[in-house]
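K.L.:
Shown below is the structure under consideration.
Protein chains: 2
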Amino acid sequence: MSDRIRMKSLLSKVCSADEAASLIKDGMVVGISGFTKFGDARAVPRALVKRAEAGEKLKITLMTGASIGSNLDEDLGDHGIIARRLPYMGSAKLRNHINSGEVMYLDQNLSHTGEYIRANALRRPDIAILDTTFIDEDGGLVCTTSVGNNALWAVTADKIIVEINETQPMEMLGLHDIYHPEPRPGRGPVPITHPADRVGTPTIKIDPSKIVAIVIHQLGDTPVTLEPADDETNAIAGHLMDFFKSEVKKGHMDNTLRPLQSGVGAVANAVFRGFQDSPFHDLTMYTEVAQDAVFDLIDSGKMTAVSTTSFSVTAPYMKIFNDVKKLHGKIILRPQEISNHPEVVRRLGLISINTALEADIYGNVNSTHVCGTKMMNGIGGSADFARNASYTCFVTKSYAKKGLLSSIVPMVTHVDHSEHSVDVIATELGIADLRGLAPRERSRVVIENCVHPNFKEMMKDYVKEAEALGGHTPHVLSKAFSWHERFLQTGSMLMPAKEMA
Amino acid sequence: MSDRIRMKSLLSKVCSADEAASLIKDGMVVGISGFTKFGDARAVPRALVKRAEAGEKLKITLMTGASIGSNLDEDLGDHGIIARRLPYMGSAKLRNHINSGEVMYLDQNLSHTGEYIRANALRRPDIAILDTTFIDEDGGLVCTTSVGNNALWAVTADKIIVEINETQPMEMLGLHDIYHPEPRPGRGPVPITHPADRVGTPTIKIDPSKIVAIVIHQLGDTPVTLEPADDETNAIAGHLMDFFKSEVKKGHMDNTLRPLQSGVGAVANAVFRGFQDSPFHDLTMYTEVAQDAVFDLIDSGKMTAVSTTSFSVTAPYMKIFNDVKKLHGKIILRPQEISNHPEVVRRLGLISINTALEADIYGNVNSTHVCGTKMMNGIGGSADFARNASYTCFVTKSYAKKGLLSSIVPMVTHVDHSEHSVDVIATELGIADLRGLAPRERSRVVIENCVHPNFKEMMKDYVKEAEALGGHTPHVLSKAFSWHERFLQTGSMLMPAKEMA
């Protein structure tokens with residue numbers, strides 16, 4: 000134990016998870032670590048579930064980095080412990096409590112949370128619970144497999160509970176780069192000009208007197224599951240590769256491209272697999288999450304530098320943590336305030352690749368709301384990147400529900416990324432390069448290249464009717480959501496006549 | 000003449016506007032100066048109108064800073080000369096050509112144009128036409144009453160036509176600070192940490208051999224007109240003042256507030272008049288436009304530093320140009336790539352105040368599209384500021400058309416600023432502080448504080464029906480635009496029964 004608590008005066012703070020959890024009272028704001036299900040504080044939150052199971056009425060505001068693993072959002076949610084939740088979650092169970100109105104969910108741009116907290120526009124955490132590899136001689140905290148909002152919670156919370164996670168190798172020290180945005184007014188630039196730049200410290204520096212409890216556990220991270228690649232995700236990846244090649248051919252960039260960013264999920268992973276056999280080399284990433292394919296690219300030498308705020312890998316890839324030393328000098332984990340900072344994203348000129356839930360013919364993208372109402376997961380970091388990247392790409396299969404639902408619609412039912420933030424839309428059918436196009440030109444390219452054949456004629460009819468009514472962005476307001484309404488009523492966006500055909 | 004063309008080798012380039020205009024051919028991309036109707040190149044564009052009047056078929060892509068004066072968008076548009084137009088216009092006449100589909104309009108975030116041009120994602124200008132006070136000994140161009148995209152066009156165009164504008168005082172030299180974002184990859188930070196920081200040069204440095212013509216004229220700027228303040232704009236200003244006071248009282252900032260940004264128009268001007276008799280002092284601005292009220296605040300000493308990219312004043316305020324020297328050290332005009340740069344906006348933590356065309360109960364804002372289809376003006380810089388400010392405020396009267404139209408609607412018909420970018424909505428009735436609120440909480444605050452009494456019960460009924468259906472952001476998809484549809488059909492958003500009551 001002592002090699003993980005190197006500031007000896009803190010040894011007296013060691014206690015059980017139950018004891019630590021007893022510091023958390025009804026109504027508190029609790030900031031815990033965790034991003035894309037990795038590096039979440041888990042022992043103490045689990046003790047909260049036990050309290051609820053024992054009949055205690057306990058409601059808290061739960062703030063994280065992003066989605067958390069360890070079945071926490073599920074169990075805390077099902078036991079009614081989460082009154083408010085921010086800034087992102089990815090739980091199908093918690094989603095139900097959000098959509099029913101039981102849980103108040105603040106779906107935030109992941110770069111925004113820190114600004115709101117630091118400016119006191121959101122309540123600061125009463126207690127932070129932080130997944131930690133070890134505490135160094137000065138009380139500095141060595142993070143684990145994600146940084147997320149750990150540093151933010153550490154400096155803004157009244158009290159800190161440290162979870163010493165013994166499953167994490169000591170060589171985690173050296174992977175992280177902890178930098179706090181300077182206070183406003185008077186803030187200076189974030190001095191990052193390359194994904195590999197180190198600008199902070201390897202540990203989270205804190206006032207050790209804020210540590211009120213230390214809980215030691217051996218609970219590992221929760222590997223994620225990924226849909227396997229299929230012909231269609233591979234086709235999307237192929238279209239993007241062709242697009243990047245054509246940009247290189249035009250002299251707009253060289254074969255090292257620009258620093259890459261991608262969201263989580265199967266399509267993103269397929270795209271990154273696509274880089275393996277591409278002419279591109281010396282690739283870099285400036286992103287919020289590193290998935291499986293990234294580690295293969297590092298292994299093969301294709302990828303030379305990765306800046307992220309978290310890992311998020313499947314079970315077979317958990318082996319990377321057996322030899323973390325190998326990742327030193329290749330991967331840096333930063334606070335999400337920095338990994339997603341619009342200043343750095345714009346400066347580096349990223350290639351940004353994120354998944355759309357649905358997109359419309361004018362290039363607006365819905366990342367979050369099913370039929371405009373029901374939350375799927377959240378906007379996450381997608382908008383931090385999309386607005387400021389030099390190539391903003393959104394990917395989606397052109398259809399869902401066996402072809403009854405079109406992912407490209409006349410008008411998206413919720414806008415997370417407006418036409419102004421979207422350069423490229425790719426489906427398995429092709430790519431729509433929207434840069435430099437006016438809305439009436441955009442709709443033609445999207446329909447021609449991205450819309451599923453089941454819906455192509457319907458969409459052309461819609462556009463024809465809309466353009467006859469006029470307008471810069473032609474719509475038939477009474478029919479803009481008619482596809483969604485039909486889907487809600489019949490389970491299909493297809494017109495009855497088409498279904499019969 | 001010679002004191003305005005100080006590089007003597009350029010004297011041979013002096014010619015008439017008609018001669019200069021003859022360099023512009025059908026199909027060319029032309030980048031001209033002009034922002035919020037000030038500092039537009041005007042002599043040569045006017046000569047293009049003459050060519051069209053004489054029967055020539057001439058179509059160009061016209062790129063500017065933002066809106067241009069001198070009746071240019073009107074005359075060029077009416078003569079069919081504008082095939083494509085970007086990144087902003089504010090002409091009621093050109094709007095019609097855009098909405099009919101004759102003119103392809105690229106409505107852009109004003110900080111984005113430079114990035115797209117520099118990255119070759121948009122065609123670079125064949126010719127730039129630049130409103131200029133004088134040319135210095137090295138061929139450097141001294142701008143006039145706006146900088147806008149002048150420096151961008153100057154360095155990216157093949158050829159430059161300089162318009163020497165003799166109505167501008169020589170003391171314009173010293174007002175401007177010309178800084179180019181460094182090329183990507185390898186770009187460094189924009190080194191601005193205070194609105195008063197000078198980081199560039201007083202002139203636009205160019206290769207003088209690119210100057211192909213110099214046209215000397217005495218055509219002045221076009222003063223703008225502003226709706227006078229009324230009880231309602233004053234009430235909106237009052238609500239914002241109270242909000243800022245309460246933030247100061249809570250210790251979130253001091254009475255110097257944060258650097259201010261505002262869009263153009265009567266409400267913004269009323270807000271700035273409101274600062275005159277406020278407890279706030281040593282105010283600064285980091286904005287894209289300085290309107291009338293700003294100069295009174297400078298005169299009274301309330302405002303100590305203004306960074307902008309343009310002036311935009313009414314006829315009575317044109318007198319400020321009689322003594323430009325007085326503005327030195329108080330106002331800096333920067334390229335719009337810098338005045339609107341998300342990096343600087345986020346760093347400075349602006350208070351951003353822009354006008355909404357309509358807003359919805361969840362905080363989404365439409366700045367551009369009437370009933371989701373017809374372009375009003377454009378998004379301008381509003382999103383550059385809104386996404387990154389520390390206080391993002393949108394203002395609108397709660398109603399229009401004598402109370403038949405509500406500016407707060409169930410769902411906006413076009414989203415320029417999503418819920419994620421909007422902190423505060425203010426109407427003459429009150430203010431909705433949306434920070435930290437989930438959608439179901441937002442709708443209550445917006446309805447209570449901002450919705451006109453004519454529509455309050457209707458809105459509550461909508462929310463009730465929507466929440467019964469469930470969802471994180473409850474909507475009745477089939478009725479989300481029903482208010483707009485009724486307005487399009489009957490000229491009123493009110494339900495027939497309400498109208499009779």
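Going down the list, the sequences are from chains D and P. In terms of numbering that gives the first Met the number 0, the first sequence has 191 at position 192, counting the first letter as 1, and numbering is strictly consecutive. In terms of numbering that gives the first Met the number 0, the second sequence has 355 at position 356, counting the first letter as 1, and numbering is strictly consecutive. Every residue, glycine too, gets a C-beta built ideally from N, C-alpha and C.
Note down, in chain order, all residues in the segment 90-117 of chain D with a beta-carbon under 9 Å from any beta-carbon belonging to chain P.
P.N.:
Within the segment 90-117 of chain D, the qualifying residues are R94, I97, N98, S99, G100, V102, M103, Y104, L105, D106, Q107, N108, S110, H111, E114, Y115.
K.L.:
List the endpoints of the continuous alpha helix (DSSP H) containing D359(P).
P.N.:
First-last for D359(P): 357-359, but that is the beta strand (DSSP E), not the alpha helix (DSSP H).
K.L.:
Does DSSP put N233(P) in a helix, a strand or coil?
P.N.:
It is helical.
K.L.:
Under a three-way DSSP split, which group does P495(D) fall into?
P.N.:
Three-state DSSP puts P495(D) in a helix.
K.L.:
Please compile the residues from chain P whose C-beta is within a distance smaller than 9 Å of the C-beta of K373(D).
P.N.:
Within 9 Å Cβ-Cβ: G469, G470, H471, T472.
K.L.:
What do you reckon, are the CB atoms on M457(D) and M494(D) nearer than 8 Å?
P.N.:
Against a cut-off of 8 Å, the Cβ pair of M494(D) and M457(D) comes out as a contact.
K.L.:
Grouping DSSP H, G and I as helix and E and B as strand, with all else coil, what is A40(D)?
P.N.:
Three-state result, A40(D): coil.
K.L.:
Grab me the residues of L347(D)'s own chain with a C-beta within less than 6 Å of its C-beta, minus the 5 sequence neighbours each way, in chain order.
P.N.:
So the qualifying residues of the chain are P258, Y285.
K.L.:
So, at 6 Å on beta carbons, what are the nonlocal neighbours of D434(D) in its own chain, with the 5 sequence-adjacent residues on each side left out?
P.N.:
The amino acid occupying residue 434(D) in the given sequence is Arg; Asp does not appear at that position. Excluding sequence neighbours, R434(D) sits near D422.
K.L.:
Would you report the Cα separation of K301(D) and A212(D), rounded to the nearest angstrom?
P.N.:
One C-alpha to the other measures close to 43 Å.
K.L.:
With DSSP as the reference, please indicate the residues paired to H175(P) in a beta bridge.
P.N.:
H175(P) pairs with L332(P).
K.L.:
Look at the alpha carbon of D253(P) and the alpha carbon of P341(P), and state the distance between them as a whole number of angstroms.
P.N.:
Taking the straight line from one Cα to the other gives about 24 Å.
K.L.:
What residue ranges within the segment 11-38 of chain D form continuous beta strand (DSSP E) runs of no fewer than 3 residues, ordered along the chain?
P.N.:
Here the runs fully enclosed are 28-31.
K.L.:
Of all Cβ atoms in chain D, is any one closer than 8 Å to the Cβ of E52(P)?
P.N.:
No, E52(P) lies away from the interface with chain D (no Cβ there is under 8 Å from its Cβ).
K.L.:
Per DSSP, which residues does V506(P) bridge with? Please list them.
P.N.:
Any property of residue 506(P) remains undetermined from this structure, which presents chain P solely from 0 to 500.
K.L.:
Are the C-beta of K12(P) and some C-beta of chain D separated by less than 8 Å?
P.N.:
No, because no Cβ of chain D sits closer than 8 Å to the Cβ of K12(P).
K.L.:
Look at the alpha carbon of V408(P) and the alpha carbon of L109(D), and state the distance between them as a whole number of angstroms.
P.N.:
Taking the straight line from one Cα to the other gives about 28 Å.
K.L.:
Would you tell me roughly how many angstroms separate the C-alpha atoms of A467(P) and R439(P), rounded to the nearest one?
P.N.:
Each residue's Cα considered, the two are about 12 Å apart.
K.L.:
Return the residues of the segment 375-395 of chain P that lie within a Cβ-Cβ distance of less than 7 Å from chain D, sorted by chain order.
P.N.:
Cβ contacts with chain D come from I378, A382, R386, N387, S389.
K.L.:
Any beta carbon of chain D sitting closer than 8 Å to that of L493(P)?
P.N.:
It does not: the Cβ of L493(P) has no partner Cβ on chain D nearer than 8 Å.
K.L.:
For L71(P) and T354(P), I'd like the C-alpha separation in whole angstroms.
P.N.:
In a straight line, the C-alpha of L71(P) is about 25 Å away from that of T354(P).
K.L.:
Using only the alpha-carbon positions, how far apart do S397(P) and V364(P) sit?
P.N.:
Between S397(P) and V364(P), the C-alpha separation is close to 13 Å.
K.L.:
Using Cβ-Cβ distances below 7 Å, what residues of the segment 416-430 of chain D are close to chain P?
P.N.:
So the close ones are S417, H419.
K.L.:
For the candidate residues I446(P), R386(P), P188(P), whose alpha-carbon lies nearest to that of G429(P)?
P.N.:
Looking at the Cα atoms, I446(P) is the closest of the given residues.
K.L.:
What's the gap between the Cα of M62(D) and the Cα of I31(D)?
P.N.:
The alpha-carbon atoms of M62(D) and I31(D) are separated by roughly 6 Å.
K.L.:
Out of curiosity, what's the CA-to-CA distance linking E498(D) and S491(D)?
P.N.:
With a pLDDT of only 49 at E498(D), under the threshold of 50, the placement of this residue in the model should not be trusted, and no figure is reported.
K.L.:
For the alpha helix (DSSP H) containing L71(D), list its first residue and its last residue.
P.N.:
Start and end: 71-77.
K.L.:
Check T308(P) in the structure and name its three-state DSSP category.
P.N.:
T308(P): coil per DSSP, three-state reduction.
K.L.:
Sort H483(D), K478(D), K12(D), K209(D) by Cα distance to V369(D) and report the nearest one.
P.N.:
Out of H483(D), K478(D), K12(D), K209(D), H483(D) has the C-alpha closest to the C-alpha of V369(D).
K.L.:
Is the shortest distance between the beta-carbon of T131(P) and the beta-carbons of chain D less than 8 Å?
P.N.:
Cβ-Cβ to chain D under 8 Å: no for T131(P).
K.L.:
With which residues is G429(D) paired in a DSSP beta bridge?
P.N.:
Paired residue(s): T426(D).
K.L.:
With DSSP as the reference, identify every bridge partner of D130(D), one or two as the case may be.
P.N.:
Paired residues: E162(D).
K.L.:
Below 8 Å on C-beta distance, what does E342(P) contact in chain D?
P.N.:
Those within 8 Å of E342(P) in chain D are P188, P341, E342, R345, R346.
K.L.:
Apart from the five residues on each side of it in sequence, which residues of its chain come closer than 8 Å, Cβ to Cβ, to L436(P)?
P.N.:
Cβ within range, chain order: V444.
K.L.:
If you draw a straight line from the alpha carbon of D106(D) to that of E418(P), how long is it in whole angstroms?
P.N.:
If I take the Cα positions, the gap works out to 9 Å.
K.L.:
Assign P188(D) to one of three DSSP states: helix, strand, or coil.
P.N.:
P188(D) falls in the coil class under three-state DSSP.
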